[in-house]
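For what it's worth, our numbering labels the leading residue of the sequence shown as 739, then goes sequentially.
To start, the structure under review is shown below, and the notes come after it.
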Amino acid sequence: MSYVTGLKCRECGQDYPISPLHVCETCFGPLEVAYDYAAIRKAVSPAAIEQRPHNLWRYLELLPVDAPPQIGPNSGFTPLLKVERLGAELGIRNLYIKDDTVNHPTLSYKDRVVSVAISKAREFGFKTVSCASTGNLATAVAAHAARAGLQCVIFMPEGVEAGKIVGSTIYGAQVVIIRGNYDDVNRLCSEIADKYGWAFVNINLRPYYTEGAKTFGFEVAEQLGWRLPQHIVLPTAGGTILPKVAKAFRELKEVGLISEGECRVHCAQAAGAAPVIQALHKGADLITPVKPNTIAKSIAIGNPADGFYVLRAVRESRGWGEVASDSEIIEAIKLLARTEGVFAEPAGGTTLAVTIKLLAQKRINGDETVVVSITGNGYKTLEAVGNAITQPYVIEARLREFDALFEQLNGRRSLAGAA
Ligand SMILES: *Cc1c(COP(=O)(O)O)cnc(C)c1O
Ligand SMILES: [Zn+2]
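Pasting the structure below:
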C-alpha cells in the first residue's frame, strides 16, 4: 500500500494528482510528492525496517511507488565506512564516508534516483525512458531501463568521460551527444519531452526521481544506529541530493524513526561550476548561472534546477559550503585512495576537499561526527587523474633489471629484510 497523498507545489501549495507532471500550472513552481506521515508513523519501526532486504526499498513507505517494485533490487544500502586512517590524518575522530562508489549496478548515487523514477515510469505505462545527463545518470538510466525492458534514449554534453559513454551504449541505449554543455542539453530535452512523450527521469518524472535521493540520508541515519551525524557534506550539481537528504532527516523525525539530533548540511561544488556557493557566500537567494569548466564533469551544472532549495537546506541547518579547485579535487581523490582504499570520482574528491576546508575554518570540529558523501566511482573517470598519478615502471622480465630498479627506488642493494 502507498502512503502518497498526491503532488504538491513547493511554492504555492496547490495539490495535483499523482501523474507525470513536474511544474505547477499556476506559479511554475516545482512539484513534490506528499505523504500521509501520521499513517506512516503507525506503520514503520526500526526493527521492521532492519529485517528487510539490503536495498533502497527498505524505506518503501517513504517512497512514491504504488507496489513493491522490481527495479533496483541491488541498488542502495551502500556501506557507511568509519575511516580511521583518513580521520587520523585530518584530525577528525568520528569520520565516516557514505560510499556510493559501490552502488549497484552503475557505481554512483544515481542508481537510487533512477530505481524510483523507472519504477514510476512503468507504473505510468511509459515505453521509452530518457534523460539529460552529465554522465552518471546516463549509465544508471541505461542499465535500469535494460532490466525493465524499456526503450532508452540518452542525451549528454560533449566532453563526458569515455566510461560514461561506453557505460550507456553497452546496455543498448541510443546515446546522443549534444554540442554544448549540460544546460544546453537540458533545455533541448525539455522540448523533446513535450514533443515525444517520453519519460525523462529528471524532467517530467523529476518529483519521483528526486525522492529516490532521500534513501542516501535514510541509510546514513540507520547505519549510525538511527541517529543523525553532526555534519554531512554533500556535492551539488542540479541540486537534488542535498535538499533531499535534509528532507530525509526531517521525515525520519516526523515518522518517529529517530527522536532527536540536528545535522548541519554542507554543500560542496567544484570551483569551475559553483553557482550555488557563489550565491551562498554573497547571502543571495538568486542563483546566477555560470558556464562550467572543471574536471568534475558529473557535477558541472551551471544552472541548477533546484539550486534555490540547496541554499535553503544549507541555511536552515546552519551549514555552509565551499568550492574545490581541480587540483584540490585530485589531491583529495588521491588522499582517500591512499588512506582508505576507496577510489572516488571527482565529485567525491570535491566533497572531501571541501570537508578539509570546513575543518580548517573550524565550521567542523575534530570531535564531531562527520559524514563525507562519496557519490561516484573513480573507475568511470580515469581521465580525471590519469596525468596526476605515479606512472608504472616498465622493465624486461629479468631479475637483474628488477634488482636495479629496486635499488634505484629504495636506495639500497640488499633485498634481505626489505619486506
Ligand atoms: C549527479 C551527481 C551528484 C549530485 O547531483 P545533484 O543533481 O545535485 O543531486 C553528485 N555526485 C555524482 C557523482 C553525481 O553523478
Ligand atoms: Zn504553484
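Built from N, CA and C at the ideal position, the CB exists for glycine as well.
Remember, it's a predicted structure, so these values are computed and weren't measured experimentally.
For Glu1060, the uninterrupted beta strand (DSSP E) run begins and ends at Gly1059 to Ala1062, by DSSP.
Checking the 6 Å criterion, the Cβ of Thr1089 is out of range of every heavy atom belonging to ligand 1.
Across the structure, Lys848 and Asn1148 are spaced so that their CA atoms are roughly 44 Å apart.
Per DSSP, the beta-bridge partners of Phe938 are Ser868. If you draw a 10 Å sphere on the C-beta of Gly751, you find fewer than 16 other C-beta atoms in it, and that means exposed. Under the 10 Å beta carbon count, Gly977 is surrounded by 16 or more other beta carbons and is classified as buried.
In the three-state reduction of the DSSP assignment, Asn1148 falls in the helix class, which pools H, G and I.
Between the region 928-936 and the region 957-967, the count of C-beta pairs closer than 8 Å stays below three; the two stretches do not touch. Pairing Val821 with Glu1106 gives a Cβ-Cβ distance that is not under 7 Å. In the three-state scheme derived from DSSP, where H, G and I count as helix and E and B as strand, Phe893 is classed as strand. The beta carbon of Ala1043 sits closer than 7 Å to the beta carbons of Gly976 and Gly977 from its chain, once the five residues preceding and following it are set aside; these are given in chain order. Contact annotation: Gly994 and Arg790 have beta-carbon atoms that are not nearer than 7 Å.
For Val1003, the enclosing beta strand (DSSP E) has its first and last residue at Arg1002 to Ala1008. Not one heavy atom of ligand 1 lies closer than 6 Å to the C-beta of Ile1067.
Put simply, of Val1028, Ala1017 and Thr1026 the residue whose alpha carbon is nearest the alpha carbon of Trp1058 is Ala1017. The C-alpha of Glu957 lies about 14 Å from the C-alpha of Leu980. Taking the Cβ of Gly767 as the reference point, at least one heavy atom of ligand 2 falls within a distance shorter than 6 Å.
Contact annotation: Gly1114 and Ala1085 have beta-carbon atoms nearer than 7 Å.
Secondary structure of Asn1125 (DSSP, three-state): coil. When secondary structure is reduced to three states using DSSP, Thr907 falls in the helix class. As DSSP reads the structure, His760 sits in no beta bridge. By the neighbour-count criterion, in which a residue is buried when 16 or more other Cβ atoms sit within 10 angstroms of its Cβ, Gln1146 is exposed. Between the beta-carbon of Val939 and that of Ile970 there is about 25 Å, and that puts the pair past the 8 Å contact cut. Taking the C-beta atoms as reference points, Ala1038 is found nearer than 7 Å to Pro1030. In this structure, the alpha-carbon of Ala1006 lies about 6 Å from that of Val1061. Look at the beta carbons and you see the region 788-803 touching the region 945-953: at least three pairs across the two are nearer than 8 Å. Distance between Leu888 and Val867, taken at the CA atoms: about 7 Å. Nearest neighbour of Ala855 by Cα position, chosen from Ala772, Ala1008, Cys869 and Lys1072, turns out to be Cys869. In terms of CA proximity to Ser846, Pro817 leads the group Pro817, Pro1027, Leu1097 and Glu896.
With contacts defined as CB atoms closer than 7 Å, Val1048 and Thr1093 fail to qualify as a contacting pair. For Pro768, the CB contacts under 6 Å within the same chain, skipping 5 residues up- and downstream, are Arg748 in chain order. Here Ile835 has Leu819, Val821, Val1110 and Ile1112 as same chain residues with Cβ atoms under 6 Å from its own Cβ, once five neighbours each way along the sequence are excluded. If you check the C-beta of Thr764 against ligand 2, you find a heavy atom less than 6 Å away. The DSSP-derived three-state label of Tyr847 is coil.
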